[in-house]
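In my numbering, the protein residues as written are 5 to 161.
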């Protein structure tokens, strides 16, 4: 992809965000990134291996205003191949939808309720939990799981 094509994709994502709703009043821009890398591994026993990889991403970030309140949010798409990316229009529209959803938040009363995490938060939680699980099995004196915040995920045995 040429630099001009990358700029055009980022601009299309940004424009789609701005066109989505009149409450979208400003933009932090559209962004396109492309990475090509080569990983090389070797050791003192003569092993030497490598592989190549690519990664592409497209994002948009905008600001919405209503009744004197301002909110911002973003949307992105990422893939190993260019064909894996969502369209710039999808990124822009999703960015606008997410940003607008933050306007006029409602205050909730205190309650016990199930929690549903946004995709980005859920992914981070799973990464944290999965990174801690194996350590509990191999620790000589692991902390008591009954008081741990992820107790149902780190049962002994």
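From the three backbone atoms N, C-alpha and C, an ideal C-beta is built for every residue, glycine too.
- Nearest Cα to residue 61 within the set 10, 27 and 135: 10.
- Boundaries of the beta strand (DSSP E) around residue 43: 28-46.
- For the 9 Å CB-CB criterion, residue 33 and residue 95 do not form a contact.
- In this structure, the alpha-carbon of residue 67 lies about 6 Å from that of residue 28.
- Distances from the CA of residue 77 to each of 53, 134 and 31 were compared; the closest alpha carbon is that of 31.
- Where residue 19 is concerned, the enclosing alpha helix (DSSP H) starts and stops at 7-24.
- The beta carbon of residue 89 is closer than 7 Å to those of 60, 62, 81 and 83 in its chain, skipping five residues each way along the sequence.
- Non-local C-beta neighbours of residue 69 in its own chain, meaning closer than 7 Å and more than five positions away in sequence, comprise 27 and 29, ordered along the chain.
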